[in-house]
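Residue numbers (my numbering), protein chains in the order written: chain W, 1 to 124; chain X, 1001 to 1165.
Don't be surprised by glycine CBs; every beta carbon is placed ideally from N, CA and C.
Notes follow the structure.
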Amino acid sequence: MKVLLVDDSKTMRNIQKGILAQLGYSDLEEAVDGLDALSKVNAVNPELLLVDWNMPNMDGLTFVKKYRGNGGKAPIIMVTTEAEKSRVVEAIKAGVNNYVVKPFTPDVLSERIRETLERCSVAA
Amino acid sequence: MDSSYITPFISSVTNVFETMLQLPVEVLEPGLKAPGSEGHDVSGIIGMSGDVEGTINLCFPTAVAERTVALFTGMEITADHEDFADAVGELVNMVSGGAKAQFKGKQVSITTPSVVIGSDHSVFGRKDTVCVSIPCVCDLGEFAVEVSIKQNAIAADAPAESAVA
């Protein structure tokens, strides 16, 4: 399964890569902000996206809206420090399938990934 | 400064270190800090805007920052490594994001982080805003969270319903 990691922090992308590797996912692509992700998403054709919210050039929420607006259907997990309920609702309305608040433990992110993939495969 | 703006940073910094580094943090008594009174070696800085404005600085001596980054990233890297600032920036991002989520009824945005590395540098916030230093101690050494924020005067005058989206 191909996963696109969208986060301006290389440290965070590396942490996510380690967790995904433990889950058996190694076909990973990276983008450093929403604009970079938009330019790569068609070529990468990911089956799952992990997207940060606060990034330079284009934030994660704008990226999600554009990706969904362009017909992108892959499940998206927002992984962000934005923890307010209003932000979570805003993200879900924009087309995010699940939400992880930073800081997170490997177990929490792993569980959200499993949960999201299960839910989306049932819905498909 | 209203103490309700300080306690969220205490719980957030302990949560970030315990969750991401599995490291308990002891928080000492917060106190007012005179501008430029004490130098730092590594500063991760985030700006806040909206109903609350100002800056947050997660600051370390170099050796403590290097040990913290090593534990966070799983790599022994020194302060001049290209990934060092990225890791410090991500830590202050999580500390600030976790704290702002506890500002009840406030709409606050945070900037992407900036990181300053240089022996004994000073960080100056807005002249009209006091700086509260929250000293922290963990097994890696001592560091601090410096909070220099205040309620936005325009937001404070606005009716409550307009401040909550």
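> In or out: G1118 (chain X) buried (at least 16 other Cβ within 10 Å) or exposed?
Replying inline: So G1118 (chain X) counts as exposed.
>> For K1200 (chain X), list the residues DSSP reports as bridge partners.
In response: The first residue shown for chain X is 1001 and the last is 1165, placing residue 1200 (chain X) beyond what the model contains.
> Cβ of N1172 (chain X) less than 7 Å from any chain W Cβ?
Replying inline: In this structure chain X extends from 1001 to 1165, so residue 1172 (chain X) is not present and cannot be described.
> From S121 (chain W) to V32 (chain W), what does the alpha carbon distance come to, in whole angstroms?
Replying inline: 28 Å
>> Run through chain W and tell me which residues come within less than 7 Å of E1142 (chain X), C-beta to C-beta.
In response: Per Cβ cutoff of 7 Å: no residues; E1142 (chain X) is ~21 Å from chain W at best.
>> Tell me which residues of the stretch 1011-1024 of chain X have at least one Cβ-Cβ distance to chain W shorter than 7 Å, keeping chain order.
In response: Against chain W - using a Cβ distance shorter than 7 Å - the residues of the stretch 1011-1024 of chain X are N1015, V1016, T1019 and M1020.
> Using a Cβ-Cβ distance under 7 Å, would E1090 (chain X) count as near chain W?
Replying inline: yes
> Can you give, in chain order, each stretch of the beta strand (DSSP E) that sits fully within the stretch 1112-1149 of chain X and has at least 3 residues?
Replying inline: Within the stretch 1112-1149 of chain X, the runs of beta strand (DSSP E) at least 3 residues long that lie entirely inside it are, in chain order, 1114-1121 and 1131-1138.
> Comparing alpha-carbon positions, which option in X:M1075, X:I1149, X:L1058 and X:G1074 lies nearest G1039 (chain X)?
Replying inline: Answer by Cα proximity: X:L1058.
> If you run the structure through DSSP and keep just helix, strand and coil, what is N98 (chain W)?
Replying inline: strand
>> If contacts are defined as beta-carbon pairs under 8 Å, then K102 (chain W) and G1097 (chain X) qualify, I think. What distance do you get, rounded to the angstrom?
In response: 7 Å
> In this structure, what does DSSP give as the bridge partners for T80 (chain W)?
Replying inline: W:V101
>> Counting only beta-carbon separations shorter than 7 Å, does T1112 (chain X) have a partner in chain A?
In response: Although the question refers to chain A, the structure presented lacks it and instead comprises the protein chains W and X.
> Is A43 (chain W) buried or exposed, if buried means 16 or more other CB atoms sit within 10 Å of its CB?
Replying inline: Classification for A43 (chain W): exposed.
> Any Cβ of chain X within less than 7 Å of the Cβ of N57 (chain W)?
Replying inline: no
> Per DSSP, H1040 (chain X) forms a beta bridge with which residues?
Replying inline: X:H1121
> Quick one: which chain X residues come within Cβ less than 8 Å of F63 (chain W)?
Replying inline: By Cβ distance, chain X contributes nothing, its closest Cβ being about 15 Å from F63 (chain W), past 8 Å.
> Mind checking whether V1092 (chain X) and K1100 (chain X) have CB atoms under 7 Å apart?
Replying inline: no
>> Any beta carbon from chain W within less than 7 Å of A1065 (chain X)'s own beta carbon?
In response: The beta-carbon of A1065 (chain X) is placed no less than 7 Å from the nearest beta-carbon of chain W.
> In or out: R112 (chain W) buried (at least 16 other Cβ within 10 Å) or exposed?
Replying inline: buried
> Taking any Cβ of chain X, which residues in the stretch 65-96 of chain W have a Cβ under 7 Å from it, in chain order?
Replying inline: T81, E82, A83, E84 and S86
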